[in-house]
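Be aware that the sequence shown starts at 351, since it is given in the working numbering, and climbs by one per residue. Glycine residues also receive a C-beta, built at the ideal position from the N, C-alpha and C atoms.
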Amino acid sequence: ESGAGKTENTKKVIAYLAMVAGTPGGGQEKKIGLEEQIVQTNPVLEAFGN
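Next comes the structure, spelled out in structure tokens:
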């Protein structure tokens, strides 16, 4: 499984979920901040997956 692209795919899925979960009319700056915070949770989520 090493090198199968799990980490990169997980990052893309997290970024997508953060994008679609953004608050409507909440302002672009807030949305970008939320997306970045969610993407930064990737190492923690990976720890559970490994």
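(1) Would the beta-carbon of residue 364 fall within 8 Å of that of residue 394?
(2) Can you give me the Cβ contacts of residue 369 inside the same chain, cut-off strictly under 7 Å, excluding the 5 residues immediately before and after it?
(3) Take residue 371 as the anchor and find which of 357, 397, 387, 359 has the nearest alpha-carbon.
A quick look at the data gives this:
(1) If you number the sequence shown from 1, residue 364 lands on position 14. If you number the sequence shown from 1, residue 394 lands on position 44. Their beta carbons are not under 8 Å apart, which means residue 364 does not touch residue 394 by this criterion.
(2) On the sequence shown, residue 369 is found 19 positions in, with the first residue counted as 1. These residues qualify, in order along the chain: 385.
(3) Sequence index remark: in the sequence shown, residue 371 carries index 21 (1-based). Comparing Cα-Cα distances from residue 371 to each of 357, 397, 387, 359, the minimum goes to 387.
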